[in-house]
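The block underneath contains the structure these notes are about, expressed in structure tokens.
Number of protein chains: 6
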Amino acid sequence: MQPLSHLDTGGEARMVDVTAKAVGARVAVAEARLRMEQSTFEAILTGNAPKGDVLSTARLAGIMAAKRTSDLIPLCHPLPLGAVQVEIVPAPELPGFRVQTTVKTQAQTGVEMEALTAAAIAALTLYDMAKALQKDMVIEQVRLIRKSGGKSGDFEAAEHD
Amino acid sequence: MQPLSHLDTGGEARMVDVTAKAVGARVAVAEARLRMEQSTFEAILTGNAPKGDVLSTARLAGIMAAKRTSDLIPLCHPLPLGAVQVEIVPAPELPGFRVQTTVKTQAQTGVEMEALTAAAIAALTLYDMAKALQKDMVIEQVRLIRKSGGKSGDFEAAEHD
Amino acid sequence: MQPLSHLDTGGEARMVDVTAKAVGARVAVAEARLRMEQSTFEAILTGNAPKGDVLSTARLAGIMAAKRTSDLIPLCHPLPLGAVQVEIVPAPELPGFRVQTTVKTQAQTGVEMEALTAAAIAALTLYDMAKALQKDMVIEQVRLIRKSGGKSGDFEAAEHD
Amino acid sequence: MQPLSHLDTGGEARMVDVTAKAVGARVAVAEARLRMEQSTFEAILTGNAPKGDVLSTARLAGIMAAKRTSDLIPLCHPLPLGAVQVEIVPAPELPGFRVQTTVKTQAQTGVEMEALTAAAIAALTLYDMAKALQKDMVIEQVRLIRKSGGKSGDFEAAEHD
Amino acid sequence: MQPLSHLDTGGEARMVDVTAKAVGARVAVAEARLRMEQSTFEAILTGNAPKGDVLSTARLAGIMAAKRTSDLIPLCHPLPLGAVQVEIVPAPELPGFRVQTTVKTQAQTGVEMEALTAAAIAALTLYDMAKALQKDMVIEQVRLIRKSGGKSGDFEAAEHD
Amino acid sequence: MQPLSHLDTGGEARMVDVTAKAVGARVAVAEARLRMEQSTFEAILTGNAPKGDVLSTARLAGIMAAKRTSDLIPLCHPLPLGAVQVEIVPAPELPGFRVQTTVKTQAQTGVEMEALTAAAIAALTLYDMAKALQKDMVIEQVRLIRKSGGKSGDFEAAEHD
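Chains as they are written, first to last, in our numbering: chain L, -11 to 149; chain W, -11 to 149; chain E, -11 to 149; chain V, -11 to 149; chain P, -11 to 149; chain X, -11 to 149.
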């Protein structure tokens, strides 16, 4: 069975050595969904209109979290980031919101964890702002949508919008 | 419709004023699940045995993230925390892992976001350690299981283990 | 001449001992102004309308900076914060923007530095978002407007809006 | 009218994509002034002499803040920094102090925000150390003095020492 | 054999629950020593005189590290701190420097780790500033000198200055 | 006498300008030792067996601290890190534990401080976990074992295992 790359031969956690890898363009796209009741969904849409800060607060939280990823995920490499984008769109079919994040860099390792962390923190921030209305909202489908760059090649999730 | 507590009357985000609330015991329990393929599940269990660092790394990441919550969630109050516990158990039925977090404090506001953030970051850390094996693992069901303390009263999720 | 409280008798910096002070309600209000050319002012107003993120980004940055104050100002005490509010209003007479921040807590020491840091960082964030248009914008009048609570009594700036 | 670079076409905040920009030498110089009463000015000078920590504390706070800039300013890119210098000189004509900061790097984007943040935090730290003597000190003229490097070319403020 | 308090009955790390403990005055004093060659010792003393920033930089680093302790030591509780003092004195008998730190708070748990972390980081900062002169300086005797407050009672190290 | 590189000609602390230095491979290895009583040593070994989190918690703390070095040591440059490894081995002859850290990067300056900070924080974390059993454990011999890369050439400590 293929061993875990983050463990050395003695089973101890380590930050993988990337110093021999080539610097290259890396992109990762991730998403998260926050499912809620119809009434909560409408309250957020109302609170956000016409110029409320609900979605912009969650977007900013996601962007800033991407930059903190290596502080949060113990074995992540600290990286310069070249671009971070967080989009949050209403998803009436849930009902709730979909968060989609895109992170780019030029580095020796990928930015999947940055994109996933941004998505999770943006969704948690939406939860925080609406939790006085509903406590049993659920964050679902925090997952990688696609990545490109690096020796492991490109990846695209089987089904996504 | 009930307005969002984190917006002022002009729709602008603010940190809610809790200075008039009573200090009291607060507890929150949250969970997250990480779903993966059977082969990844087995690789993690193998990598963790007999003394590998996989689950302990994710537990530690969750504990430390609970302490960083107010740095990550823009409108969260910075709080002293009295206890943080993160449990990660194999869930063969997913297959994958369940993360359950418990946070306690004596404060003027609750610790739901601390428990949820710990659960999400612990699950993301597991993802990070196994992502060389499988990129389409999915984090599901990041949600509050129960809370107690505070004026809004106790909460318990409808269905949980 | 009255000595500086943050130096000990040997002239060395220290964090002042507040452990014997009473816990009480503390409020501080601070402001900052960002002066710019008329064309930059109009571009920000346009960019912010109808639902642009310019002012909300700066508000959030101010709120989050208030929570980081003791990490930034070396001799500041780490404090729980009970409320943080950041308002940013267009000031056509500058032209530019006025930032006003309010921070409240129940603690053994005041929150003047939290309010001032929030005001400065919110103004810097506005600068950042508009600096591609104009580099010689100037942040002015970062100052305390009022404070209450604590042994040193209340303070109100001589002239303010 | 030229749109704001930090907003996408929908008006949403984003971290600008710099991955296609060339890595090059970047330098930024910024300043801030802290104006105070003559008696406060003299108390700081006395407190700092012969070996007091007042100005060195503020210098260090500025240097460390430069390194935290991307944590504080939401849309700033995290960058390696090659040099940070903070000078604080007495300015009897204010009376008060002038802070001048210089930041250098080799990167795909500039370090104006790092220099400005260092200047603002150094001035706030001076305020903190003297606020027991005078609460209505004012931070003025936080501004960029010059920058070089990058596609937008060099900049030098119209009037400065 | 007495089990470790930071492990639960399954051997898993946790942040110990202190919510049932009384809030009380806590003090901890710690030290560290940095041993070096005579020539390095003299260079630091010279660099520090008459107004050099060497010792003040290390003092500040220690004070700021005390405030970051719960971010660094995974199972430490985040606490408000009431006072932090870092003294660094030349120790010709090493030759080198002795760092002594004092941390006070009113809390449910002690501040030993804050005092020890401040001492270690202050010594590391001295090392950093002199490492161009000598790389084999050694940090020794990072230890607790005394503590008071809390159920475990007072402690004083057997031998110290 | 050779002046300190971290002071400018006026004796003021600065972050040394490395922008003209070549990017190259840098490696640093450091160690720390934690000396304790035999009974504490045995309690940790027991607590850690068969799958306890004691040593893994300290390892993780060391790895994460390496990434925070430039936040802690005021004049350290923020750097991307390519690899961090922390090994902790029982040392019955102390009795106690030896921590050995290895940090690698491709950068314009070295990673000695990252390796030393990781070693010190890992040892402090071990202290934290065992301090309920023994308060007079001592951290010793925090020192650089070897470094390579950079203009100052390679270094290897005179005596080490």
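Just so you know, even glycine gets a beta-carbon here, dropped at the ideal spot from N, CA and C. Note that the coordinates shown come from a computational prediction; the quantities given were computed from them, not determined experimentally.
Under the three-state reduction of DSSP, which class applies to V77 (chain X): helix, strand or coil? strand
So which residues of chain A does T45 (chain L) contact, with C-beta pairs closer than 8 Å? Note that chain A does not occur in the displayed structure, where the protein chains are L, W, E, V, P and X.
As a quick exercise: from W:M3, W:R47, W:L(-8), pick the residue whose alpha carbon is nearest that of D(-4) (chain P). W:R47
For F85 (chain L), which residues does DSSP report across the bridge? L:L22, L:P78
What residue does the beta strand (DSSP E) around V132 (chain L) start on, and which one ends it? According to the sequence provided, residue 132 (chain L) is Leu. The question's Val does not apply to it. First-last of the beta strand (DSSP E) with L132 (chain L): 126 to 136.
DSSP on G98 (chain V), reduced to helix/strand/coil? coil
Does the structure place the stretch 24 to 34 of chain L close enough to the stretch 88 to 102 of chain X that three or more beta carbon pairs sit under 8 Å? no
Whose Cβ in chain E lies nearer than 9 Å to the Cβ of V74 (chain W)? Simply none; closest approach about 23 Å.
Along the chain, where does the alpha helix (DSSP H) containing M52 (chain X) start, and where does it finish? 42 to 55
Cα-Cα separation, L132 (chain V) to A145 (chain V): 7 Å
Is D41 (chain V) close to chain P? Criterion is C-beta to C-beta, closer than 8 Å. yes
Under 8 Å, Cβ to Cβ, is there at least one residue of chain P near P71 (chain W)? Reading off the sequence shown, one finds Ala at residue 71 (chain W), where the question assumed Pro. Yes, because at least one Cβ of chain P sits closer than 8 Å to the Cβ of A71 (chain W).
K92 (chain X) - partner residues in DSSP beta bridges: X:V15, X:A71
Within 8 Å (strictly less), CB to CB, does T93 (chain E) reach chain W? yes
Using the Cβ count rule (16 or more neighbours within 10 Å means buried), how would you classify K139 (chain P)? exposed
Would you check if the stretch -1 to 6 of chain P and the stretch 59 to 77 of chain W touch, i.e. whether three or more CB-CB distances between them fall below 8 Å? yes
Of the listed residues X:A8, X:T45, X:P78, X:E102, nearest to K135 (chain X) (C-alpha basis): X:E102
Output the distance between the C-alpha atoms of F85 (chain V) and I127 (chain X), rounded to the nearest integer angstrom. 42 Å
Would M117 (chain P) and H(-6) (chain X) be called neighbours here (beta carbons separated by less than 8 Å)? yes
Checking 8 Å against the spacing of the C-beta atoms, do V42 (chain V) and L(-8) (chain E) come in under that value? yes
Rounded to the nearest angstrom, what separates T89 (chain X) and L112 (chain W) at their Cα positions? 25 Å
Residue closest to Q129 (chain E), alpha-carbon to alpha-carbon, out of E:R21, E:G137, E:V11: E:R21
What number of angstroms, rounded off, separates the C-alpha of L36 (chain X) from the C-alpha of P80 (chain L)? According to the sequence displayed, residue 36 (chain X) carries Asn and not Leu. Distance between the alpha carbons of N36 (chain X) and P80 (chain L) is about 50 Å.
Can you tell me whether DSSP reads L(-8) (chain V) as helix, strand or coil? coil
By Cβ distance, which residues of its chain are closer than 6 Å to E25 (chain E), with the 5 residues on each side in sequence left out? Q122
Within 8 Å, strictly: CB atoms of A8 (chain E) and A107 (chain E): no
What do you get for V11 (chain W), buried or exposed, if any count of 16 or more other CB atoms within 10 angstroms of its CB means buried? exposed
Assign A146 (chain W) to one of three DSSP states: helix, strand, or coil. coil
Looking at chain V, which residues of the stretch -7 to 25 of chain E have a Cβ within less than 7 Å of any of its Cβ atoms? S(-7), H(-6), L(-5), G(-1), E0, A1
If G141 (chain W) and R14 (chain W) are in contact, beta carbons under 8 Å, what's the gap, nearest whole angstrom? Between R14 (chain W) and G141 (chain W) the Cβ distance is about 12 Å, and since that is not below 8 Å, they are no contact.
Alpha carbon of P78 (chain X) to alpha carbon of R56 (chain V), nearest angstrom: 37 Å
Would you grab the beta carbon distance between A110 (chain X) and G50 (chain X) for me? Rounded to a whole angstrom, and I think it's under 8 Å. 3 Å
Distance check for P62 (chain L) and E147 (chain L), CA to CA, integer angstroms please. 30 Å
How should S27 (chain W) be labelled, buried or exposed, when 16 other C-beta atoms within 10 angstroms of its C-beta is the threshold for buried? exposed
Residue of W:V6, W:A16, W:M125 minimising C-alpha distance to L82 (chain W): W:M125
Against chain V, does P(-9) (chain X) count as a neighbour if the rule is that its beta carbon must be under 8 Å from one of theirs? no
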